[in-house]
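Presented below is the structure to which this report refers.
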Amino acid sequence: MEQFEPVIVAFCCHYCAYTAADTAGSQRLSYPVGVKIVRVPCTGKVDAKHLLTAFEKGADGVLVAGCLVGDCHFKDGNVKAARRVEFTKKYLEEIGIEAERLEMVRMSAGMGREFAETATAITEKIRALGPSPVKGKNCCCGKAA
Amino acid sequence: MITAERKPLEELLGYIAPYSRILLLGCNECVTVCAAGGRKEVGLLASALKMAARKSGKELQIVEHTLERQCDPEYVEEVASMVAQADAVVSMACGCGVQQMAMRYAKPVFPALNTKFMGGSERQGVWDERCAGCGNCLLGVTGGICPIARCAKRLMNGPCGGSANGVCEITPDVPCAWHLIWERLEELGQTEDYLEIIPAKDWKTAQGGGPRKIIREDLAE
Amino acid sequence: MKTNSNLEKVLAAGHLAVTAECGPPRGAMPDKVRERAAFLEGVCDAVNVTDNQTAMVRMSSLSASVIIKQAGFGLNPLLQMVSRDRNRLSMQADILGAYSLGIDTMLCLSGDHTKFGDHPNAMNVHDLDSIQMLQMVKGMRDEGKFQGGQDIKGDPPKMFIGAAANPFAGPNVQVRAMRLAKKVRAGADFIQTQCIFNVDKFEQWMEIVRKMGLHKQTAILAGVTPIKSVGAARYMQKKVPGMDVPQEIVDRMAATPKEKQPEEGIKICVEMMERIKKIEGVSGFHIMAIEWEEKVAEICEKAGLLPRPQL
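Residue numbers (our numbering), protein chains in the order written: chain X, 1 to 145; chain H, 1001 to 1221; chain S, 2001 to 2311.
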């Protein structure tokens, strides 16, 4: 059987995690190909709807990567994001999707290595969990569960 | 405003089990303000229902729409063509909106929310009960704080013996309404008013008199 | 005299009155009612029969009152009635029934919230609050009218009417005294207070009560409770809202060996009664020996309240 390659949608804050991903690239640190980055101006911009839609469209895991506590460029967007992640986890459980498929992490722009490590660790965690239970034939990603 | 909370997904999935084309209908009024049934919540619920159905091998077609007001016939009229295309309607309005839809359309209409109470916002994301709609407002003699809605025993001449440290005996999360009333009367220099006995309430104006109606002769058509 | 109530007679004759409490059983067990009531024979002027106490279903107060009345101990039941469980129709119906069965003394209460009991899903009725209930019972007695305004047929039910007061609850002692004033004005002939452990605070309340002249318009019976154990003392101190148990009482119980604690609890109770007796405006005692009715006689004896006057 072909190895399952999880699709992870990573909502990355422009000021930290997105730059960290860039740093990882310039340092030639690799991270799994299934990690799809969505740049956001602040994790405070990420709504529960975005997170659910990512799953609906076929993500096996979703990552919200924001600034370290106290470092948000918009005061407390990262704190709000963490609360929305918790809210969405409860929704996921009701739907029947394991809550651990959604995760919030925090890092700074210089933490390229940490980004690559986090992306790898989450991919491995999701690989162990298997494909998302709601990933059906009709979803846009195509792969049958 | 009227406050509400979403029902558990499992209950909603039970209602819509026989149907596959769903009109999910939000309301722009109170339930939007209390983040229970506005456009955003409609979007979330649509995603959630679709995913949950897909898990059990069913593809749901959900049309999302949010009305300006679901408790008025003229707005409810707007969705006639959408209702025609749906097997069932799931309403994210309060109970008034759900019924407006049910009265207008001969299609199954299910409530997505549990309508809770008439309340106000205490702070961002927190709403508390303020009015019981008793139909004969007492606020003028209770310092602007309602003992019917906010005292766990609806005491009109409280506080009961369970008031301690400003909170109600049922839970420390609930302030004692009569403690608040007393503080207000003190602030207003009206503590003597407390000695007035509020007599037995006429519940006829409340639910005791059966379903209520307001008719404004000058407006009624 | 407003009524034929024994309690009214005892108070009118100027004696320190004694009432005690008897909780009906959680089953159809009339023998249990008689068994518990028997402990109170000859030691109190009226027996409070609780009404779904702590919001737990029990034999109805009215039925247990009748059983006690008919048991032949010469006890006078004091019918407790909470507004939590019935609306004004039901209350008035029960009052007519109670009076017809020889019950002439009652206590008007709002009742513990259902949240605390065994039916937390039940609706709390509270059609009337305790003060409005007092007005209703007084109206039935003095004007012969139902709360709705129509005449009661035949003799009006002549109830000697009581109410509860908690000097220790919030917001402050001033409001607690003002609330008493409302109850007195609404028709309370006598008052039974919450269990007193903090006598200093009770004295403060009584001082305001006297200033308002309320002790002359109503008979204040001081509520006392013997503590069975240090655990019970701590529970009442921490868990019962509106209860004020000073630390020194808890410490005194804690310093007593376990097997001597019940005895110590009774000693504390009697000492407090001696102090309370000296407070001007106190007309008697309400002894709440919860599930411990057998000790009421001993407490009354030690507090010098026996024998009870026969009037």
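All C-beta atoms, glycine included, are put in the ideal place defined by N, C-alpha and C.
Check your understanding: Among all the DSSP beta bridges, which residues are the ones paired with Asp-2151 (chain S)?
Key -> Listed as beta-bridge partners of Asp-2151 (chain S) by DSSP are S:Lys-2145.
**Study point:** Extent of the continuous alpha helix (DSSP H) to which Ala-1206 (chain H) belongs
**Key:** Here Ala-1206 (chain H) belongs to no alpha helix (DSSP H), and DSSP marks it neither H nor E.
**Study point:** Other residues of its chain near Ala-145 (chain X): CB distance less than 6 angstroms, five sequence neighbours each side excluded
**Key:** For Ala-145 (chain X), the predicted structure reports a pLDDT of 40, less than 50, and the residue's modelled location is therefore unreliable. A value from the coordinates is still provided. Only Pro-131 and Lys-135 meet the Cβ criterion.
**Study point:** Rounded distance between the beta-carbons of Ala-1088 (chain H) and Leu-158 (chain X), thought under 8 angstroms
**Key:** Because chain X spans 1 through 145 in this model, residue 158 (chain X) falls outside it and cannot be assessed.
**Study point:** Boundaries of the beta strand (DSSP E) in which Ser-2283 (chain S) is found, first to last residue
**Key:** Segment 2282-2287, the beta strand (DSSP E) holding Ser-2283 (chain S).
Point to revise | Completely contained beta strand (DSSP E) runs for the stretch 1065-1137 of chain H, where each covers 3 or more residues | key: Complete beta strand (DSSP E) runs here, min 3: 1088-1091, 1109-1111, 1113-1123 and 1126-1131.
Check your understanding: According to the neighbour-count rule (16 or more other Cβ atoms, all chains shown, within 10 Å of its Cβ), is His-2126 (chain S) buried or exposed?
Key -> So His-2126 (chain S) counts as buried.
Practice item. Just the chain X side, please: which residues come within less than 9 angstroms of Pro-1008 (chain H) by C-beta, in chain order? Key: Listed along the chain, the chain X residues whose CB falls inside 9 angstroms of the CB of Pro-1008 (chain H) are Glu-94.
Check your understanding: Does the beta carbon of Ser-1047 (chain H) come closer than 7 angstroms to any beta carbon on chain X?
Key -> Closer than 7 angstroms to some Cβ of chain X, the Cβ of Ser-1047 (chain H) qualifies, so yes.
Review point. Taking Cβ positions only, does Met-1101 (chain H) come closer than 7 angstroms to chain S?
Key: Using beta-carbon distances, Met-1101 (chain H) does not count as an interface residue toward chain S, since no partner is under 7 angstroms.
Review point. By DSSP, does Gly-1140 (chain H) sit in helix, in strand, or in coil?
Key: In the three-state DSSP reduction, Gly-1140 (chain H) falls in the helix class (H, G or I).
Review point. Quick one: which chain H residues come within Cβ less than 7 angstroms of Met-2178 (chain S)?
Key: One finds Tyr-1194 and Leu-1195 in chain H with Cβ atoms closer than 7 angstroms to the Cβ of Met-2178 (chain S), taken in chain order.
**Study point:** Contact set between the stretch 66-96 of chain X and chain H, restricted to residues whose Cβ is under 7 angstroms from the partner
**Key:** Residues Tyr-91, Glu-94, Ile-95 and Gly-96.
Exercise for review: Kindly list the residues whose CB is nearer than 6 angstroms to the CB of Ile-126 (chain X), restricted to its own chain and excluding five residues on each side of it in sequence; keep chain order.
Suggested key: Only residues of its own chain outside the window of five on either side were considered, and among them Pro-6, Asp-60 and Gly-61 have a CB closer than 6 angstroms to the CB of Ile-126 (chain X), listed in chain order.
Check your understanding: Helix, strand or coil for Val-2230 (chain S) per DSSP?
Key -> Taken through DSSP and simplified to helix, strand or coil, Val-2230 (chain S) comes out as helix.
Review point. Is the stretch 1197-1215 of chain H in contact with the stretch 1162-1176 of chain H, if contact means three or more CB pairs nearer than 8 angstroms?
Key: By the C-beta criterion, the stretch 1197-1215 of chain H is judged not to be in contact with the stretch 1162-1176 of chain H, since fewer than 3 inter-stretch pairs fall below 8 angstroms.
Exercise for review: Anything in chain H within Cβ reach of Leu-52 (chain X), meaning under 7 angstroms, just list it in chain order.
Suggested key: By Cβ distance, chain H contributes Leu-1044, Ser-1047 and Ala-1048.
Exercise for review: Please list, in chain order, all residues of the same chain as Ala-2177 (chain S) whose beta carbon is under 7 angstroms from its beta carbon, the five residues on each side excluded.
Suggested key: Result list for Ala-2177 (chain S): Trp-2205, Ile-2208, Val-2209 and Met-2212, in chain order.
Review point. What distance in whole Å lies between the Cβ atoms of Ile-1197 (chain H) and Ala-2188 (chain S), which are believed to be in contact at a cut-off of 8 angstroms?
Key: In fact, because the Cβ distance is near 12 angstroms, the residues do not count as touching under 8 angstroms.
Exercise for review: Taking the CB atoms as reference points, tell me whether Val-38 (chain X) and Phe-11 (chain X) lie closer together than 7 angstroms.
Suggested key: It is a contact, given that the beta carbons lie within the stated cut-off.
Check your understanding: For the stretch 1012-1041 of chain H, which residues have a CB atom closer than 8 angstroms to at least one CB atom of chain X, in sequence order?
Key -> Contact residues of the stretch 1012-1041 of chain H toward chain X are Lys-1040 (C-beta to C-beta distance below 8 angstroms).
Exercise for review: Could you name the residues of chain H that Glu-146 (chain X) contacts, counting a contact when the two beta carbons are closer than 8 angstroms?
Suggested key: The question about residue 146 (chain X) has no answer, for chain X in this structure spans 1 to 145.
Check your understanding: Three-state secondary structure (DSSP) at Pro-2309 (chain S)?
Key -> In the three-state DSSP reduction, Pro-2309 (chain S) falls in the coil class, being neither helix nor strand.
Point to revise | Closest residue to Ile-2266 (chain S) among S:Pro-2257, S:Ala-2289 and S:Arg-2275 (Cα-Cα distance) | key: Checked all of S:Pro-2257, S:Ala-2289 and S:Arg-2275; the closest Cα to Ile-2266 (chain S) is S:Ala-2289.
Review point. Since Glu-2021 (chain S) is in the alpha helix (DSSP H), which residue starts that stretch and which ends it?
Key: Under the DSSP assignment, Glu-2021 (chain S) falls outside any alpha helix (DSSP H), being part of the beta strand (DSSP E) whose first and last residues are 2017-2022.
Point to revise | In DSSP terms, what Glu-103 (chain X) is bridged to | key: X:Leu-63, per the DSSP bridge assignment.
Review point. How far does the beta strand (DSSP E) with Ile-2279 (chain S) in it reach, from first residue to last?
Key: Counting along the chain, no beta strand (DSSP E) covers Ile-2279 (chain S), and no H or E run does either.
Check your understanding: Pick from S:Lys-2228, S:Phe-2202 and S:Met-2272: whose alpha carbon is nearest that of Gly-2242 (chain S)?
Key -> Here the closest residue by C-alpha is S:Phe-2202.
Check your understanding: Should Lys-49 (chain X) be flagged as near chain H, meaning a C-beta pair shorter than 7 angstroms?
Key -> Yes, Lys-49 (chain X) lies at the interface with chain H (some Cβ there is under 7 angstroms from its Cβ).
Check your understanding: Along chain S, which residues have their Cβ under 8 angstroms away from the Cβ of Leu-1138 (chain H)?
Key -> For a Cβ distance threshold of 8 angstroms, nothing in chain S lies close to Leu-1138 (chain H): the least Cβ distance comes to about 12 angstroms.
**Study point:** N-terminal and C-terminal residue of the alpha helix (DSSP H) that Met-1051 (chain H) is part of
**Key:** Unbroken alpha helix (DSSP H) run through Met-1051 (chain H): 1039-1055.
**Study point:** Glu-977 (chain H), DSSP secondary structure in three states
**Key:** Residue 977 (chain H) is absent from the structure shown; chain H starts at 1001 and stops at 1221.
**Study point:** Top-ranked residue by Cα proximity to Gly-1162 (chain H), from S:Arg-2308, S:Val-2240, S:Arg-2234 and S:Gly-2117
**Key:** Checked all of S:Arg-2308, S:Val-2240, S:Arg-2234 and S:Gly-2117; the closest Cα to Gly-1162 (chain H) is S:Val-2240.
Practice item. Leaving out five residues on either side along the sequence, give the residues of the same chain with a beta carbon under 7 angstroms from the beta carbon of Arg-2088 (chain S). Key: Result list for Arg-2088 (chain S): Asp-2127, Leu-2128, Met-2136 and Gln-2147, in chain order.
Point to revise | Residue range of the unbroken beta strand (DSSP E) whose run includes Gln-2080 (chain S) | key: Per DSSP, Gln-2080 (chain S) belongs to the beta strand (DSSP E) from 2077-2082.
Check your understanding: From Glu-2298 (chain S) to Gly-2014 (chain S), what distance separates their C-alpha atoms?
Key -> Straight-line measurement puts the Cα of Gly-2014 (chain S) at about 23 angstroms from the Cα of Glu-2298 (chain S).
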